[in-house]
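Mapping of the sequence shown onto full-length UniProt numbering: residues 1 to 410, in sequence order.
Note that the Cβ used here is the ideal one computed from N, Cα and C, for glycine as well.
Predicted, not measured: the structure shown is a model, and the values here were computed from it.
Take a look at the structure set out below.
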Amino acid sequence: MDLLRATLYKVIGDGTKLMYNVMVDKSSKTTVNLEASNRSTAIPNKSTIRSGGNKAPNILKAPAVQDLDPQLNPDYNFDNFIEGYSNKLSRSVAEAVAQSPAKTVFNPLFIHGASGVGKTHLANAIGTKIKEIYPEKRVLYVSAHLFQVQYTDSVRNNTTNDFINFYQTIDVLIIDDIQEFAGVTKTQNTFFHIFNHLHQNGKQLILTSDRAPVLLQGVEERLLTRFKWGMVAELEKPTVELRKNILRNKIHRDGLEFPPEVIEYIAENVNESVRDLEGIVISIMAHSTIYNKDIDLELAQRIVKKVVKYETKAITIDDIIGTTCKHYEIEPAAIYTKSRKREVVQVRQVAMFLAKKHTDYSSSRIGQLIGNKDHATVLHACKIVKELCEVDKSFHSDLEAIENTLKKRN
Ligand SMILES: Nc1ncnc2c1ncn2[C@@H]1O[C@H](COP(=O)(O)OP(=O)(O)OP(=O)(O)O)[C@@H](O)[C@H]1O
Numbered sequence: 001m002d003l004l005r006a007t008l009y010k011v012i013g014d015g016t017k018l019m020y021n022v023m024v025d026k027s028s029k030t031t032v033n034l035e036a037s038n039r040s041t042a043i044p045n046k047s048t049i050r051s052g053g054n055k056a057p058n059i060l061k062a063p064a065v066q067d068l069d070p071q072l073n074p075d076y077n078f079d080n081f082i083e084g085y086s087n088k089l090s091r092s093v094a095e096a097v098a099q100s101p102a103k104t105v106f107n108p109l110f111i112h113g114a115s116g117v118g119k120t121h122l123a124n125a126i127g128t129k130i131k132e133i134y135p136e137k138r139v140l141y142v143s144a145h146l147f148q149v150q151y152t153d154s155v156r157n158n159t160t161n162d163f164i165n166f167y168q169t170i171d172v173l174i175i176d177d178i179q180e181f182a183g184v185t186k187t188q189n190t191f192f193h194i195f196n197h198l199h200q201n202g203k204q205l206i207l208t209s210d211r212a213p214v215l216l217q218g219v220e221e222r223l224l225t226r227f228k229w230g231m232v233a234e235l236e237k238p239t240v241e242l243r244k245n246i247l248r249n250k251i252h253r254d255g256l257e258f259p260p261e262v263i264e265y266i267a268e269n270v271n272e273s274v275r276d277l278e279g280i281v282i283s284i285m286a287h288s289t290i291y292n293k294d295i296d297l298e299l300a301q302r303i304v305k306k307v308v309k310y311e312t313k314a315i316t317i318d319d320i321i322g323t324t325c326k327h328y329e330i331e332p333a334a335i336y337t338k339s340r341k342r343e344v345v346q347v348r349q350v351a352m353f354l355a356k357k358h359t360d361y362s363s364s365r366i367g368q369l370i371g372n373k374d375h376a377t378v379l380h381a382c383k384i385v386k387e388l389c390e391v392d393k394s395f396h397s398d399l400e401a402i403e404n405t406l407k408k409r410n
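Here you go:
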């Protein structure tokens with residue numbers, strides 16, 4: 001008793017009251033699961049509760065709502081989850097679940113999408129909102145990885161019953177990155193039982209994954225079918241408009257000011273993940289502060305280039321001809337004619353210049369492919385284009401526009 005008391009005071013707090021009840025079932029040699037109210041409990045003084053981080057679920061602590069740290073990130077809420085076309089559906093469903101956990105048809109709610117599109121944010125937002133509206137609910141956010149570690153520990157320590165009992169007391173269970181369960185059969189099996197228990201008892205499950213259920217290889221079919229019982233909602237890659245809004249919001253929240261063309265540039269070129277957008281804002285801010293430099297397009301371009309993998313799919317002569325003709329509004333067929341019309345000649349020259357700059361073809365080959373000319377014509381075209389660029393602003397910006405279109409075609 002003394003040892004137990006001293007340990008409880010140390011771990012939970014002074015004055016923790018220990019109540020226990022030992023039942024031994026000699027006939028079956030199995031552990032008896034008791035209802036929470038009958039089970040041994042240790043109720044800490046409210047003033048001395050310490051956040052244990054739910055690292056290893058402690059059955060002694062399980063029944064007290066106020067003693068369960070939901071492990072939610074309060075920075076991830078609905079207020080700062082910006083809505084756009086690509087996440088509208090998922091966000092609406094998430095809000096419905098937050099308003100009425102386990103009372104909608106969205107149970108389980110399975111949110112999937114590529115890395116950095118906001119799955120963890122949205123899942124946390126649901127949990128945070130539920131805690132706001134229903135403080136008495138036992139909400140728990142846990143990564144699939146941590147769930148698996150806890151399960152493995154419980155097997156090692158022979159406390160798997162406690163582990164399962166603990167999870168069966170949760171009202172809203174959020175498991176992030178469920179794809180991590182692939183290939184770990186025993187964890188899946190245990191989760192299957194927890195899932196069934198919670199679902200049958202009217203508890204809400206929220207799962208996130210980097211892929212849709214049908215693509216989750218290494219996850220048992222019986223789990224996959226359950227994942228599809230409720231709502232499978234995809235968070236798509238953010239559209240350019242959403243990226244702009246997220247950027248503006250972040251910049252505003254951080255008390256910064258970025259010129260509009262910088263926001264446009266970042267939003268147009270960083271199109272995979274919101275995490276990348278946030279990283280770029282931080283890098284730009286750091287560079288501007290450390291080097292005492294204004295935030296301008298040039299700085300943004302330098303930083304974006306380091307972060308974004310420009311897929312350098314080789315530019316072809318056909319790409320160049322197509323883009324240049326489109327820009328100058330002439331038919332590509334005109335390039336291959338003998339026409340000496342000024343506009344056709346100029347388009348040929350621009351195409352030759354761009355081919356020299358962006359492809360590895362020799363001048364003779366470029367000449368052959370663009371209007372069947374010789375290599376001297378190609379070199380002459382390059383010289384003319386360069387000279388024109390230096391003296392004619394509008395010609396220069398035409399060329400830049402064509403080059404930008406060529407880069408973006410990837
Ligand atoms: N719509 C949004 N509005 C505001 N911030 C967002 C939005 N979507 C994502 N974010 C932010 O982007 C970052 C990455 O989001 P999050 O971690 O939720 O992505 P994820 O899809 O869970 O990624 P992963 O699969 O790699 O874990 C977070 O800082 C998050 O706040």
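- Contact check for ILE130 and VAL139: beta-carbon distance about 5 Å, within the 8 Å limit, so the pair qualifies.
- Distance between GLY118 and VAL274, taken at the CA atoms: about 7 Å.
- With fewer than 16 other Cβ atoms from the protein chains shown falling within 10 Å of its own Cβ, ALA401 counts as exposed.
- Contact annotation: the stretch 155-162 does not touch the stretch 102-121, with fewer than three C-beta pairs closer than 8 Å.
- Taken atom to atom, the span from the alpha-carbon of GLU268 to that of VAL240 is near 6 Å.
- Fewer than three beta-carbon pairs drawn from the stretch 292-302 and the stretch 318-330 are found closer than 8 Å, and the two stretches are therefore not classed as touching.
- The beta-bridge partner set that DSSP reports for PHE147 is empty.
- Around LEU207, the same chain offers PRO108, PHE110, ILE175 and ILE178 as residues with beta carbons nearer than 6 Å, after the five sequence neighbours per side are excluded.
- Look at which beta carbons fall closer than 6 Å to any heavy atom of ligand 1; those residues are TYR76, ASN80, PHE81, ILE82, ASN87, GLY113, SER115, GLY116, VAL117, GLY118, LYS119, THR120, HIS121, ASP210, ILE246, VAL274, ARG275 and GLU278.
- A distance below 6 Å between beta-carbons, with the five flanking residues on each side excluded, links LEU369 to the following residues of its chain, in chain order: ILE317.
- Residue pairing by DSSP places THR208 opposite ILE111 in a beta bridge.
- TYR291 sits in coil when the DSSP states are folded into three classes, being neither helix nor strand.
- In the assembly as shown, ILE290 is an exposed residue. Its beta-carbon has fewer than 16 other beta-carbons within 10 Å.
- Straight-line measurement puts the Cα of LYS356 at about 29 Å from the Cα of ASN271.
- Between SER364 and HIS380, the C-beta spacing is not below 7 Å.
- Distance from the CA of ASP319 to the CA of LEU406, rounded to the nearest whole angstrom, comes to 7 Å.
- Pairing PHE163 with ASP254, the inter-Cα distance amounts to about 41 Å.
- Residue nearest to LYS237 within the set LEU205, GLY116 and LYS306 is GLY116 (criterion: CA-CA distance).
- Beta-bridge partners assigned by DSSP to GLU234: HIS112.
- Rounded to the nearest angstrom, the Cβ distance from GLN71 to VAL184 is 21 Å, too far for a contact under 8 Å.
- Here ILE12 is not bridged, per DSSP, to any residue.
- PHE78 places its beta carbon 7 Å or farther from that of MET231.
- C-alpha of PRO135 to C-alpha of VAL93: approximately 21 Å in a straight line.
- In the structure shown, ASP176 falls within a strand segment according to DSSP collapsed to helix, strand and coil.
- Taking the CA atoms as reference points, LEU223 sits about 47 Å from PHE258.
- Using a Cβ distance threshold of 7 Å, PRO101 and VAL172 count as a contacting pair.
- CA-to-CA, the gap between ALA182 and ASP210 works out to about 12 Å.
- Burial state of MET352 is buried, judged by a 10 Å Cβ sphere holding 16 or more other Cβ atoms.
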